[in-house]
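Worksheet for the structure shown next.
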């Protein structure tokens with residue numbers, strides 16, 4: 001069998017040590033890999049590359065399509081960009097996979113029965129980094145959720161469940177409040193779940209789901225979430241499983257994938273042969289399965305489980321009574337290598353399948369191409385920066401002023417402040433900031449509006465000396481409104 | 490001492506029973522209250538009022554300014570609006586307060602030492618409910634964070650800490666990603682923390698903070714958060730403390746405040762004398778302190794603690810071995826009343842201060858009035874719905890088309906898709922949906938732009954037959970950019 005080329009970066013801080021330990025173990029377990037080493041992180045940043053990765057390194061990633069990455073240090077200040085965010089975004093690594101497992105009774109945990117996997121969307125949500133300040137008082141961030149984005153992540157979660165013999169996929173979302181964005185995620189989840197009758201599917205409102213997961217993680221199997229919820233709750237799950245130092249993760253793209261530990265570069269522990277290589281090692285296990293070397297993954301992972309079980313522990317998980325021997329990074333790796341061929345006796349041994357053993361009938365594309373819906377422009381929200389010095393009761397004043405801009409077939413139907421209607425018939429108790437939304441629609445009920453009418457309306461705002469700061473068009477799709485009502489509208 | 494008028498709603502499901510039990514206990518403890526009863530919930534919804542509260546009930550709330558509310562049932566379907574959201578938004582209840590306490594060894598918990606309070610912002614964030622669908626593929630939700638909103642909630646958290654003898658206030662936010670919105674929250678936190686040298690202040694990135702809170706809640710005291718984070722993590726904290734059935738909460742406004750249980754109306758348990766009234770009761774304790782009857786709050790709360798300690802438990806927390814007697818709603822209330830005057834022996838007794846005993850020097854207003862900064866328009870992001878059938882590599886095609894609209898002093902500087910730059914010099918690996926952001930700035934470096942230029946630009950989009958769907962103006966404030974760069978820009 002020919003070797004698989006992979007790209008490896010040794011990173012900063014404890015990175016080089018734990019990478020060396022990880023590669024040592026998997027090679028001894030028989031990994032059939034050819035390593036292409038690239039440099040990323042602190043040195044690259046400080047050499048004047050604000051992205052922390054040299055242009056030629058992208059070529060290696062595009063060639064091997066597999067990236068095993070040690071943690072890096074991003075220098076403080078100076079406009080350095082998060083390398084992880086850059087790599088994820090640029091290469092379209094849309095799925096972040098994080099198995100969170102407890103190793104009771106060998107590693108201290110409040111949750112002895114825990115073996116769940118978080119599948120987190122990795123490209124969208126408020127993490128797209130689109131932010132604006134347009135008034136003295138208000139900052140705005142856009143939360144974007146796309147149908148292909150939802151389809152990709154939800155399908156990945158179900159495919160992962162099938163391949164890894166998981167029984168259930170749970171979705172968390174907040175669609176009782178965010179009816180459109182989170183509603184889309186929920187809808188896509190229901191659609192795709194129906195294609196996998198062998199996998200149980202359920203869903204929770206994220207607050208309740210998070211509470212249940214934090215309290216009784218044993219009731220969960222695979223959990224799929226949008227970016228923000230997944231970010232928070234994957235850290236919660238990793239932490240309560242025992243230690244963030246024991247978790248690896250995969251970032252999966254359509255073409256390229258990245259494997260890593262979830263912890264940072266811990267510069268204070270660097271160079272002392274202290275660090276626990278387990279997080280990166282478990283990332284490498286995910287990689288071995290991904291590159292279709294399940295035999296190697298199984299040998300290495302079971303040897304690791306046996307080492308943990310034998311109480312051979314690095315300082316971070318060492319505990320008098322449960323642990324037997326406190327070891328350094330190298331000694332830990334040697335202990336795992338010594339156990340290659342052995343299986344754990346108390347913990348559950350792992351078993352991985354070759355890709356070709358997994359029968360997948362009628363596989364759908366990871367995102368659908370759909371017929372466009374009939375899209376009709378029916379109005380516009382014009383946002384205005386306006387301030388008369390009053391936090392209460394200014395709705396009528398601005399409403400009356402904005403109403404003067406009616407004409408050319410458009411009329412003001414509502415002014416809201418932070419989502420709550422304040423005109424017409426606003427309540428005096430509503431606290432208002434200097435950021436007003438003015439909703440205009442056609443004078444005639446259910447009539448369409450043109451882009452030209454909106455441009456003319458903006459001209460009237462401008463002529464009146466009003467500082468319009470943003471617009472949001474209101475569209476119907478197949479006759480159904482694509483916009484929410486104001487609270488109280 | 491004269492009585493305080495309060496407004497009471499008995500609600501739906503188990504609401505009437507637990508309200509009766511709660512009022513019985515606090516009256517027996519000497520509560521000096523005059524009750525004005527209003528009807529809210531299911532009956533009101535089904536009588537045709539989509540808000541679930543009759544117009545005249547607002548008069549009662551405005552008169553008493555204190556609302557003790559039992560849980561209600563919102564009928565399924567039919568466009569009924571969340572009463573809680575309506576009341577919070579309309580009356581400006583900006584702070585949600587949730588003490589999360591474990592009662593080890595009397596109530597089962599994995600976290601025996603836990604006594605924290607979550608202070609959640611209640612009006613802003615993605616919960617303002619402003620959503621748009623403007624292309625076939627993309628849904629958008631606005632996250633609004635205002636300076637006065639941050640000031641109000643952060644100051645409340647510190648004031649609460651002072652009044653309740655708390656030692657530390659911790660902020661959770663995600664300002665490494667959302668540098669502007671969450672950055673504003675962080676900045677305000679630092680500013681206000683400096684005014685309270687007697688209170689320790691610290692902060693965590695919300696994912697790490699959440700992980701720590703879920704694992705070792707004993708390390709936290711008061712935690713202040715934006716709406717979404719607070720929603721998720723207050724449920725986590727309540728759940729891991731023991732039971733969501735044992736938590737009350739306050740919703741504090743500048744003028745009016747509301748007190749309730751955090752659980753729902755549990756219709757299946759209704760009318761059977763089964764429900765645990767403790768959540769609503771603990772909400773009433775927060776109310777008694779709020780209306781300056783700390784003596785009554787102390788008597789009632791200590792009697793309740795003693796009852797829990799004596800193992801007199803309703804079905805939901807009853808456990809063979811730890812509990813002594815399984816009782817119904819009424820019997821539980823009677824047991825608490827019987828213990829009025831007693832204090833707990835193992836659990837910590839509570840102590841509350843009268844408002845006038847709390848010396849607060851130099852109290853600042855709950856939000857500041859600041860000098861407006863110098864605001865300069867420097868560009869615009871025009872968002873376009875556009876689709877050529879390709880998920881990869883379309884950036885150059887749309888970029889070239891949009892560049893033709895340069896002129897009148899404006900030029901295209903970037904096109905991005907879901908926040909990632911795709912033109913000029915986009916990467917072929919970036920997955921693109923049908924929602925494009927086109928950033929225009931002045932042809933001349935650092936020159937200002939006029940509203941008129943933006944209107945003219947939109948006309949050029951329109952003449953070119955391009956479907957512009959939204960705009961976001963780019964402003965500098967005191968010379969500092971109020972907009973984020975595209976990923977890769």
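Protein chains in written order, with this note's numbering: chain R, 1 to 489; chain E, 490 to 978. We put the beta carbon where it would ideally sit given N, CA and C, even for glycine.
Check: Residue range of the alpha helix (DSSP H) that includes residue 974(E); Outcome: Premise fails: residue 974(E) is in no alpha helix (DSSP H) and is neither H nor E.
Check: Closer than 9 Å at the beta carbon, the chain E residues around residue 477(R); Outcome: 622 and 625
Check: Residue-chain proximity (residue 947(E), chain R), Cβ-Cβ < 8 Å; Outcome: yes
Check: C-alpha gap between residue 746(E) and residue 548(E), whole angstroms; Outcome: 14 Å
Check: Residue 400(R), buried or exposed, once every other Cβ within 10 Å from all chains shown has been counted against 16; Outcome: exposed
Check: For residue 185(R), the nearest candidate out of 198(R), 170(R), 25(R) and 197(R) (CA to CA); Outcome: 170(R)
Check: Simplified DSSP state of residue 346(R), which is helix, strand or coil; Outcome: coil
Check: Alpha-carbon to alpha-carbon, residue 957(E) and residue 950(E); Outcome: 7 Å
Check: Span of the alpha helix (DSSP H) around residue 818(E); Outcome: 818 to 827
Check: Separation of residue 663(E) from residue 376(R), as counted between CA atoms; Outcome: 37 Å
Check: From 122(R), 38(R) and 368(R), residue whose alpha carbon lies closest to that of residue 16(R); Outcome: 38(R)
Check: Min CB distance residue 468(R) to chain E below 8 Å; Outcome: yes
Check: Cross-chain neighbours of residue 419(R) in chain E, by beta carbon under 9 Å; Outcome: 578, 612, 613, 616, 617, 618, 619, 631 and 633
Check: Residues bridged to residue 469(E) [DSSP beta-bridge criterion]; Outcome: Outside the displayed range of chain E (490 to 978) lies residue 469(E), so it cannot be described from this structure.
Check: Residue 40(R) to residue 410(R) span [Cα, whole Å]; Outcome: 55 Å
Check: Burial state of residue 953(E) (16 or more Cβ within 10 Å); Outcome: exposed
Check: Contact under 8 Å by Cβ, residue 457(R) with residue 381(R); Outcome: no
Check: Contact list for residue 423(R) against chain E, beta-carbon separation under 9 Å; Outcome: Going along chain E, no residue has its Cβ under 9 Å from residue 423(R), so there is no contact; the nearest lies around 14 Å.
Check: Length of the line joining the Cα atoms of residue 963(E) and residue 938(E); Outcome: 9 Å
Check: Span separating the alpha-carbon of residue 616(E) from that of residue 418(R); Outcome: 9 Å
Check: Element boundaries [beta strand (DSSP E), containing residue 549(E)]; Outcome: Where residue 549(E) is concerned, there is no enclosing beta strand (DSSP E), although the alpha helix (DSSP H) it sits in stretches over 544 to 553.
Check: The region 914 to 934 of chain E / the region 85 to 99 of chain R touching (three or more Cβ pairs under 8 Å); Outcome: yes
Check: Residue interval of the alpha helix (DSSP H) (run including residue 303(R)); Outcome: 294 to 309
Check: DSSP-derived helix/strand/coil call for residue 903(E); Outcome: strand
Check: Residues bridged to residue 987(E) [DSSP beta-bridge criterion]; Outcome: As displayed, chain E neither begins before 490 nor continues past 978, which places residue 987(E) out of reach and without an answer.
Check: The region 788 to 795 of chain E touching the region 836 to 845 of chain E, judged by at least three CB pairs closer than 8 Å; Outcome: yes
Check: Spatial neighbours of residue 264(R) in its chain, beta-carbon cut-off 6 Å, leaving aside the 5 residues before and after; Outcome: 71
Check: As assigned by DSSP and simplified to three states, the class of residue 265(R); Outcome: coil
Check: Test: residue 593(E) CB closer than 8 Å to a CB of chain R; Outcome: no
Check: Distance between residue 711(E) and residue 435(E) (C-alpha atoms, nearest Å); Outcome: This structure does not reach residue 435(E), given that chain E is present from 490 up to 978, and the question cannot be answered.
Check: Beta-carbon neighbours of residue 546(E), restricted to chain R and to distances below 8 Å; Outcome: Going along chain R, no residue has its Cβ under 8 Å from residue 546(E), so there is no contact; the nearest lies around 13 Å.
Check: Within 8 Å, strictly: CB atoms of residue 441(R) and residue 384(R); Outcome: no
Check: Cβ shell of residue 665(E) (< 8 Å), same chain only, five flanking positions each side left out; Outcome: 694
Check: Residue 615(E) in three-state terms, based on DSSP; Outcome: helix
Check: Complete alpha helix (DSSP H) runs within the region 855 to 933 of chain E (minimum length 4 residues, chain order); Outcome: 884 to 892
Check: Residue 244(R) - containing beta strand (DSSP E), residue span; Outcome: Run containing residue 244(R): none; DSSP gives neither H nor E here.
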